[in-house]
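If you read the sequences in order, they're chains A and B. Under my numbering, the residues of the first sequence are numbered 155 to 518, in order. Under my numbering, the residues of the second sequence are numbered 9 to 305, in order.
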Amino acid sequence: MKIKRNTILTIGAIAVFYGLLIAADNFLNTYWLRILNLCAVFTIFSVTFNLIFGYTGQFSLGHAGFAAIGAYVGALLTLSSAQKQANFFLQPIAPFLANLEVPFLPTLIIAGLLAAIIGSLVAWPALRLRGDYLAIATLGFSEIIRIFLVNLQPLTNGAMGLKGIPEYTNLYWSWGAAIVTIFVVKRLIDSSYGRAMKAIRDDEVAAEALGVNLFKHKIMAFAVSAFFIGVAGALFANLISTIDPKVFLFTLTYQIVGITVMGGMGSITGSAVAASLYTIFLELLRPIESQFNIGSLVIPGIPGMRMVIFSLLLLFVILFYRKGLFGQKEFSWDWLIGFLSRKNRKKSNQALISDEAAEKEQKS
Amino acid sequence: MTLELFLQHLANGISLGSLYALIAIGYTMVYGILRLINFAHGDVVMLGAYAAFYGAALFMLPWYIAFPLAIIITAAVGVIIERVAYKPLREYPRINLFTAAVAVSFLIENLGIVIFGGRPFAFTRPAFMDVNLSIGKTSIISYTIIIIITATILFAILLYLVNKTKAGMAMRALSKDIETTGLVGVNTDRIIMFTFALGSALAAAGGILWAVKFPQINPLMGVMPGLKAFIAAVLGGIGNIPGAMIGGFLLGITEILIVAFLPNLSGYRDAFAFAILILLLLFRPNGIMGEVQAEKV
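Given below as structure tokens:
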């Protein structure tokens, strides 16, 4: 009965959200649409990082690399053959890619699958390591992927990157993917697999002693995360329409870590809220930066003052709200209904009291 | 490849390696005590180079005043970073400390862009560092030798400090067990500050010498050396000072020689460093010197 009510509420909320998306899509200008799309992409990045680190406790710094794979797959499968020829003027494109053009949905899925496959291949050896060593190894893999993207000229056009990627990503794709990601991750962590993952996070040795298959669960978390990171990467490429390997430096991973910590380790709600706040906040700060640049020579494209403010804010959150915005708490219908009914009860209590007072007054 | 050319590459590799080693020591000392991968360390390297640059270019100081002054300033900045960002988080989960390091790194880089400007500056070497030395057919520019000699002197001073002084002994004790060391009367806060000062000073020296070797400085110049030095620290066994030195030299020499012998793979130069790192982690997870547990600081 209760489960049913929550399901109905969830479906209702998604319907309302969908309505909002339609409204946003119709009434907002392209600038704000782009920001809202970016919110969704960063939500996926952050939620997946939370799955690997917040829930499974594996400190992986490979996000940028997996996102790069997704982005390049997304770009190469959607670019028209004419655009490809225009892009690859230095060295011709690999022949099997030259005329390949795939619709957007299969592209997203292929991007995700490839990222998941490579993610699992990376995880296979790396998961023998623990803690900081895992972080170092995954960071290394991520950088190796990036260096290969720079050097595999016929496949990726090297350091020049790819331009003119069709802008297929819209609110329905990006937020659709974000909702699917949140749904899958939430179902996963509430399942028996998820409980095993949390057990691994809390104490690996104890979990193993209780019969949890460490390797299986870790690699599952890795593969699921990598899949959605790949999808988000493809969405990202088809949103900003130009990509180059520099975008996927390990600093991207650091940003994702920062967002997730700000939201709260082990809270999907926190990840989603923090990712959106981060994206919107950075955009709102843009005027400060352009004002600041007047007369000085700041290379365009490298954020200066905005990132100063962001890093100060991040430092502030870590120093004073050590658990992040949400800690390990999640939004749930039970909580909301409990919260509302408590409020109502207070109101009705007050009403009762005032009624009694009125009665007393009447009696006297 | 002729012997002369090989020697030239080797000297080049050793000088690059000594730079990696100088920077790697800071990573390794901090990790040894706080178990923190101090990702802001690479940016401290950048600050050292800029301090020296401004001392020499703006205040017209001669190099023998500007360079030591830059090292002192950078050491002070290192201590401030520890006080403000890391000290309050010492008792909390390590992800918080790590994120604080990331935040500090972002902050320094972007403050650098805001204050110094994103445009690279040309770093002028003191004249005596730019002399062409030729021994037989091998020709080496004097800064290559000067880097190696300076680094060696600094290593000797560091090893003396760590092994022969009371503060060094306290550092070594701290890396074994912070709490117990505090209980026997060591002022742990002061020793951690000392560690950061020492590490940042070496990073500044590394940054200045880096600018001497590659005379173009920009606010993001510390990122790659920082990452490489970090790899060097892990190669040698993180937390181990002689290990960091060995790791640094090994990485520097390997990198230069791989590019020298296989020039068409030079684009993959950075990937080699990571590949070596990952292979080593898989077969010797604690690094070259890790198992010995000789001096963990």
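Heads up, the beta-carbon is just placed ideally off N, CA and C, and yes, glycines get one too. Keep in mind that this is a model prediction, so the values were computed, not measured.
| Asked | Found |
| --- | --- |
| Minimum Cβ-Cβ distance from Ile-45/B to chain A less than 8 Å | yes |
| Residue from Phe-282/B, Lys-236/B and Val-242/B with nearest C-alpha to Gly-25/B | Lys-236/B |
| Inter-residue CB distance, Ile-301/A and Ala-240/B (contact presumed, cutoff 8 Å) | Wrong, their Cβ atoms sit about 18 Å apart, outside the cutoff. |
| Val-92/B versus Ser-465/A - alpha carbon distance | 14 Å |
| For Asn-305/A, the three-state DSSP class (helix, strand or coil) | helix |
| 3-residue-minimum beta strand (DSSP E) runs that sit fully inside the stretch 58-94 of chain B, ordered along the chain | none |
| Neighbouring residues, chain B, relative to Tyr-226/A (Cβ below 9 Å) | Those within 9 Å of Tyr-226/A in chain B number zero; the least Cβ separation is about 17 Å. |
| Continuous beta strand (DSSP E) stretch holding Thr-146/B: start and end | 146-149 |
| Cβ neighbours of Ala-219/B in the same chain (closer than 6 Å, five flanking residues each side left out) | Ala-57, Phe-131 and Ile-225 |
| Beta-carbon contacts of Gly-211/A that lie in its chain and below 7 Å, excluding the five residues immediately before and after | Ile-354 and Arg-355 |
| Listed by chain order, chain B residues near Pro-399/A by CB distance under 9 Å | In chain order: nothing, as chain B lies at least about 11 Å away. |
| Where the beta strand (DSSP E) containing Ser-142/B begins and where it ends | 140-143 |
| Members of the stretch 300-322 of chain A near chain B, C-beta cut-off 8 Å | Ile-301, Phe-302, Val-304 and Asn-305 |
| Straight-line Cα distance separating Gly-228/A from Trp-327/A | 13 Å |
| Interface residues of the stretch 276-300 of chain B facing chain A [CB-CB below 7 Å] | Tyr-276, Asp-278, Ala-279, Phe-282, Ala-283, Leu-285, Ile-286, Leu-289, Leu-290 and Pro-293 |
| Proximity test, Cβ basis, 8 Å: Asn-118/B and chain A | yes |
| Residue closest to Leu-243/B, alpha-carbon to alpha-carbon, out of Ile-254/B, Pro-233/B and Gly-234/B | Ile-254/B |
| Residues near Ser-200/A in its chain [Cβ-Cβ closer than 8 Å; skip 5 each side] | Ile-410, Ile-413, Thr-414, Gly-417, Ser-425, Ala-426, Ala-428 and Ala-429 |
| Three CB pairs or more closer than 8 Å across the stretch 18-32 of chain B and the stretch 156-172 of chain B | yes |
| Closest residue to Thr-323/A among Ile-168/A, Arg-476/A, Asn-160/A and Thr-232/A (Cα-Cα distance) | Thr-232/A |
| Through-space distance from Arg-98/B to Gly-166/A, alpha-carbon basis | 45 Å |
| Chain D contact for Thr-262/B (CB, 8 Å cutoff) | Any reference to chain D falls outside this structure, whose protein chains are A and B. |
| DSSP state of Leu-316/A mapped onto helix, strand, coil | strand |
| Element boundaries [alpha helix (DSSP H), containing Lys-238/A] | 235-241 |
| At least three beta-carbon pairs within less than 8 Å, the stretch 380-399 of chain A to the stretch 258-278 of chain A | yes |
| Straight-line gap, Ala-211/B to Asn-294/B (C-alpha atoms, nearest Å) | 23 Å |
| Contact under 8 Å by Cβ, Gly-129/B with Pro-227/B | A quick correction: the sequence has Phe, not Gly, at residue 129/B. Not a contact, by the Cβ cut-off of 8 Å. |
| Chain A within 8 Å of Ala-32/B, Cβ atoms only | no |
| Contact the stretch 190-198 of chain B vs the stretch 99-114 of chain B: 3+ CB pairs below 8 Å | no |
| Residue-level contact to chain B via CB, Leu-281/A, 8 Å cutoff | no |
| is_contact[Gln-445/A, chain B] using C-beta, thresh 8 Å | Below a pLDDT of 50, predicted positions are generally treated as unreliable, and Gln-445/A, at 49, falls in that range; the measurement from the model is reported next regardless. Not one chain B Cβ lies under 8 Å of Gln-445/A. |
| Chain A within 8 Å of Ala-108/B, Cβ atoms only | yes |
| Phe-480/A - containing alpha helix (DSSP H), residue span | Element bounds for Phe-480/A: n/a, residue is neither H nor E. |
| Assigned exposure category for Tyr-475/A - 16 Cβ within 10 Å defines buried | exposed |
| Pair within 8 Å by beta-carbon distance, Thr-423/A and Phe-480/A | yes |
| Beta-carbon contacts of Pro-223/B that lie in its chain and below 8 Å, excluding the five residues immediately before and after | Ala-130, Phe-131, Thr-132 and Arg-133 |
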